[in-house]
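Beneath this line is the structure, given in structure tokens, with notes to follow.
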Amino acid sequence: MEEADAVNQRRMENWNLYYELLQDLKEAGTVELPVVPEGCVHNGHMFYIKARDLKERTALLKHLKEKGISAVFHYVPLHSSEAGQKYGRFHGQDKHTTKESDRLLRLPMYDGLKEEQIRYVVSEIKNFYR
Numbered sequence: 023m024e025e026a027d028a029v030n031q032r033r034m035e036n037w038n039l040y041y042e043l044l045q046d047l048k049e050a051g052t053v054e055l056p057v058v059p060e061g062c063v064h065n066g067h068m069f070y071i072k073a074r075d076l077k078e079r080t081a082l083l084k085h086l087k088e089k090g091i092s093a094v095f096h097y098v099p100l101h102s103s104e105a106g107q108k109y110g111r112f113h114g115q116d117k118h119t120t121k122e123s124d125r126l127l128r129l130p131m132y133d134g135l136k137e138e139q140i141r142y143v144v145s146e147i148k149n150f151y152r
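Listed below in structure tokens is the structure:
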């Protein structure tokens, strides 16, 4: 249990470092950062940013990959997934789900991730937007 607490603490420290280092891009309206509602607690198991659109996210993903950074996206709206199309029913209009899914990019977050690696990831994100 002590090891789990230590892992969780390191993960939260890394999450907070990403959040702090990306504030200037958020304030400039370049990217969106995670929102933790007031009164809620999270465990920092992942960190994501939102690009403006799919085209920008795709270009940023390519840039990061070229720099040796493994950023990923994996949220496929249920109605767009293979199982969702086969078994599900979609009602109404898709006003937000696909658009938001297309913008989402997960940054590296794992036990053993070092501060200098996070700083490198953030510096390459900032280089992309220069």
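Residues 23 to 152 (the working numbering) make up the sequence shown, in order.
Ideal Cβ placement from N, Cα and C applies to all residues, glycine included.
Exposure label - residue i; buried when at least 16 CB within 10 Å
| i | result |
| --- | --- |
| GLY66 | buried |
Backbone CA spacing between residue i and residue j [nearest angstrom]
| i | j | result |
| --- | --- | --- |
| MET23 | GLN31 | 12 Å |
| ASP75 | LEU83 | 12 Å |
| TYR70 | GLY61 | 21 Å |
| MET34 | TYR151 | 26 Å |
Residue from the options whose Cα sits closest to the Cα of residue i
| i | options | result |
| --- | --- | --- |
| VAL29 | ARG152, VAL143, VAL144 and LYS136 | LYS136 |
| VAL144 | LYS48, ASP27, GLU25 and MET34 | LYS48 |
| TYR132 | ILE140, GLU88 and LYS117 | ILE140 |
| LEU86 | THR119, ASP124 and PRO130 | PRO130 |
| ARG125 | GLU146, GLU88, LEU55 and ASN149 | LEU55 |
| HIS96 | GLU78, GLY51 and MET68 | MET68 |
Contact test: residue i Cβ vs the ligand SAM heavy atom, cutoff 7 Å
| i | result |
| --- | --- |
| PHE150 | Inclusion of the ligand SAM in the displayed structure is not the case, the ligand content being empty and no account of it being possible. |
Unbroken stretches of the beta strand (DSSP E), 3 residues or longer, contained in the stretch 48-93: Runs of beta strand (DSSP E) with 3 or more residues, each lying fully within the stretch 48-93, are found at 69-72, listed in chain order.
Can at least three beta-carbon pairs, one atom from the stretch 86-98 and one from the stretch 32-43, be found at a separation below 8 Å? The answer is no - the stretch 32-43 does not touch the stretch 86-98, with fewer than three Cβ pairs under 8 Å.
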